[in-house]
Amino acid sequence: MVRICMLLFCLLFVSNVFAEDASHSKIIYKYKKYQKIDLGDFSIKGKISTPGDLTVQQRKRKKFWRYLYHRNKFKKEIREDIWDVR
Amino acid sequence: MRYIMAIFFFCTQMAFAKTIVAKINKIANSSHPKAPMIVTKYLVRQKFYFAGIPWAKKVLLGKKEMITSKFDKDLDRIITATGFASFQKMDSKILARSKAPAISFILARKSFDRKNYKTALTWIKKIPGHHKYYPEAIYMKGSILSLLGQDEKSIEAYNHCIEQSKKFVSKSKNEKVSRFFRVIGEKCVLNIARQHYEKKRFAKAIKRYDSIPKTSYIWPYVLMEKSWSYYNQKNYNRALGVLTTYKAPLMESYFFPEAEVLSGLSYLNMCLWTDTLTVVKKFHKDYAPQSKSLAKLLRKHKNSSDYFFNLMFAENEKEKSKNPYIRKLLTQIKKKIYFNFQLKYHRQSLKEIESLKKWSEHKFINDLVAKVTKEKKEVATRINDYIKEKMYFFINETNRLSEEMYNIQLELLSRKKEIIYASKKEIADRSRGSFKNVERTRFQHFWKFKGGFWADELGDFVFGLESNCKEGSNG
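Those sequence lines, one after another, are chains P and W. When you read off a place in the first sequence, starting at 1, and then add 24, the result is the number in the numbering used here. When you read off a place in the second sequence, starting at 1, and then add 133, the result is the number in the numbering used here.
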């Protein structure tokens, strides 16, 4: 029984291969020798998700602290004024 | 008859002088422990205070029993007449043997110089209220309390100083002496203003600065501190106005590098870039070369003990004319109390030498003349060193502030750059200014000074410049 089944399967496979080979031989591809495409005629439908013009964002500038002269007290003058008397 | 009387008087005087000199000489040469004290007493009686200095020092260095209350009185008279510099060099322990108020003052000063403030306060307490040094001692007390950060107590001391100075001004018969006490009172007012400034009570500080009269010797120095108060109040127009006073011909001899820095900062805070840059450039152009030539002069004569002393008294007119800043600096120094005191001592020592020479030609007197000459030389050296110190101070101050000016210049560039990057423009055009930009209190008015002396307006100038700091967007 097993042998009969194996034989049937082989016969079936062989017939399919032959059938495929027969259909391939029938297709003939032919290309146009000259083709014109009008690009201006194209129109795309959809939404623009990025800005159209070129933009550059200002980066956060580092501010450098610079000491500028300032008077908080006159302690030095208070002391030195004593020596200016006698 | 008149001539006979005069000759008789002269002969009596000569005979009397000879007797006294012989007597003092005998005592001075004796080994008696009281000898230096007696010689001091004689010299003080004859008003030879400078000649008395070495003898008084001998007493202080001798036995403690010799330092009596009578000697203390003589010592006090010597110090008041000759200044305390000669005694200041002595050891504090030796000085403390005397109870003379002038010695207490010297000890207070010595402690003050060493920043030993609490000890200084204990010595000040020992000076009686009637003593000539009292107003000055209270002024020192106030200064010590300020330096110790005791706000209320220092103001209390300064107010007491003002009160006492007024009392001494009314008591003194000599114009120069009364002027001295007036200055002490004004210095106390100035220190109250400084105290308010430190505590950021700028309006109160300005009020105190304003109470110092324009005729005062310290007034030119007050102006700069007052403009700092206006600067802190962000009233830059007034700060600049007050500083303009230094440009008046009357104030020609007063120049402060710090005033230029303050002008630069005021312009910078008003975003008036061109004006800031002008001030910075002017500073480098004017001060740097003058400071260099002054440094050259100082280097050349740094070891001389009398060059600057002679320079002060017009013996070096050529040097003076070479550098106008030297002339101006010398004028400033001439108005300092310290200088005037030393000059007074120098003149008195000269007079004393003359009087001693006239008195007798005795060997003892010749020795005294040599000692007074030595004291005179020391006073001259002190004056010389004081002038030198002030000149060095000017050079150091110029160099220090020159660095600050570079900082202002850098800050100016950085702020201008920020405006360009932010695409902003300045709104105000630099023009002569307008009254609408002048901030006024209810006591400040526009005054035309019609019929007034031209110098009356000094110190009251104000600018009307519009701040350029409110930026608008460009385009």
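Glycine residues also receive a C-beta, built at the ideal position from the N, C-alpha and C atoms.
Short CB-CB distance (under 8 Å) between residue i and chain W
{"i": "P:Ile-68", "result": "no"}
{"i": "P:Leu-92", "result": "yes"}
{"i": "P:Asp-105", "result": "yes"}
{"i": "P:Arg-83", "result": "no"}
{"i": "P:Lys-56", "result": "no"}
{"i": "P:Lys-60", "result": "no"}
{"i": "P:Thr-79", "result": "no"}
Proximity test, Cβ basis, 8 Å: residue i and chain P
{"i": "W:Trp-406", "result": "no"}
{"i": "W:Glu-511", "result": "no"}
{"i": "W:Gly-216", "result": "yes"}
{"i": "W:Met-384", "result": "no"}
{"i": "W:Tyr-267", "result": "no"}
{"i": "W:Ile-520", "result": "no"}
{"i": "W:Tyr-554", "result": "yes"}
{"i": "W:Glu-358", "result": "yes"}
{"i": "W:Leu-444", "result": "no"}
{"i": "W:Phe-388", "result": "no"}
{"i": "W:Val-394", "result": "yes"}
{"i": "W:Glu-537", "result": "yes"}
{"i": "W:Met-273", "result": "yes"}
{"i": "W:Gly-605", "result": "Low confidence applies to W:Gly-605: its pLDDT is 49, below 50, so where it sits in the model is not reliable, and the reading given next is rough at best. It does not: the Cβ of W:Gly-605 has no partner Cβ on chain P nearer than 8 Å."}
Distance, residue j Cα to residue i Cα
{"i": "P:Asp-105", "j": "W:Ile-552", "result": "44 Å"}
{"i": "W:Ile-171", "j": "W:Phe-389", "result": "52 Å"}
{"i": "W:Leu-278", "j": "W:Glu-331", "result": "14 Å"}
{"i": "W:Leu-383", "j": "W:Phe-596", "result": "20 Å"}
{"i": "W:Asn-570", "j": "W:His-578", "result": "14 Å"}
{"i": "W:Leu-462", "j": "W:Pro-346", "result": "23 Å"}
{"i": "W:Phe-576", "j": "W:Cys-321", "result": "24 Å"}
{"i": "W:Gln-328", "j": "W:Met-273", "result": "14 Å"}
{"i": "W:Leu-373", "j": "W:Phe-313", "result": "31 Å"}
{"i": "W:Leu-116", "j": "W:Ile-271", "result": "Here chain W comprises residues numbered 134 to 608, so residue 116 of chain W is not present and cannot be evaluated."}
{"i": "W:Tyr-175", "j": "W:Ile-157", "result": "7 Å"}
{"i": "W:Val-614", "j": "W:Lys-340", "result": "Residue 614 of chain W lies beyond the residue range present for chain W, which begins at 134 and ends at 608; the question has no answer from this structure."}
{"i": "W:Val-412", "j": "W:Glu-393", "result": "7 Å"}
{"i": "W:Thr-377", "j": "W:Gln-221", "result": "42 Å"}
{"i": "W:Gln-179", "j": "W:Gln-423", "result": "49 Å"}
{"i": "W:Asp-209", "j": "W:Tyr-266", "result": "11 Å"}
{"i": "W:Asp-589", "j": "W:Thr-213", "result": "38 Å"}
{"i": "W:Thr-407", "j": "W:Tyr-369", "result": "16 Å"}
{"i": "W:Ile-490", "j": "W:Asn-499", "result": "Reading off the sequence, residue 490 of chain W comes out as Lys, not Ile. Their Cα atoms are separated by approximately 8 Å."}
{"i": "W:Pro-353", "j": "W:Lys-359", "result": "10 Å"}
{"i": "W:Phe-238", "j": "W:His-263", "result": "14 Å"}
{"i": "W:Leu-534", "j": "W:Gln-542", "result": "12 Å"}
{"i": "W:Leu-427", "j": "W:Thr-348", "result": "30 Å"}
{"i": "W:Glu-511", "j": "W:Leu-228", "result": "20 Å"}
Three-way DSSP call (helix, strand, coil) for residue i in this model
{"i": "W:Ile-558", "result": "Here residue 558 of chain W turns out to be Lys, not Ile, going by the sequence shown. Strand, per DSSP."}
{"i": "P:Leu-92", "result": "coil"}
{"i": "W:Met-403", "result": "coil"}
{"i": "W:His-495", "result": "coil"}
{"i": "W:Cys-602", "result": "coil"}
{"i": "P:Ile-68", "result": "coil"}
{"i": "P:Gln-59", "result": "coil"}
{"i": "W:His-434", "result": "helix"}
{"i": "W:Ile-277", "result": "helix"}
{"i": "W:His-264", "result": "coil"}
{"i": "W:Thr-252", "result": "helix"}
{"i": "P:Lys-73", "result": "Per the sequence shown, the amino acid found at residue 73 of chain P is Ser instead of Lys. P:Ser-73: coil per DSSP, three-state reduction."}
{"i": "P:Leu-78", "result": "coil"}
{"i": "W:Arg-573", "result": "coil"}
{"i": "W:Asp-500", "result": "helix"}
Closer than 9 Å at the beta carbon, the chain P residues around residue i
{"i": "W:Ile-470", "result": "Asp-108, Val-109, Arg-110"}
{"i": "W:Glu-544", "result": "Arg-90, Leu-92"}
{"i": "W:Tyr-330", "result": "Arg-95, Asn-96, Lys-97, Phe-98"}
{"i": "W:Leu-398", "result": "Leu-92, Tyr-93, His-94"}
7 Å Cβ cut-off: residues of chain W touching residue i
{"i": "P:Ile-102", "result": "Ser-276, Ser-279, Leu-280, Asn-324, Arg-327"}
{"i": "P:Arg-95", "result": "Trp-361"}
{"i": "P:Lys-86", "result": "What P:Lys-86 touches in chain W: nothing, since even the nearest Cβ is about 11 Å away."}
{"i": "P:Lys-99", "result": "Leu-280"}
Residue i: contacting residues in chain P (beta-carbon distance under 7 Å)
{"i": "W:Lys-320", "result": "Asp-105"}
{"i": "W:Ile-541", "result": "Leu-92"}
{"i": "W:Phe-474", "result": "Arg-110"}
{"i": "W:Phe-245", "result": "Ile-106"}
Note down, one range per segment and in chain order, each alpha helix (DSSP H) of at least 4 residues found wholly within the segment 185 to 232 of chain W.
202 to 215, 218 to 221, 225 to 228
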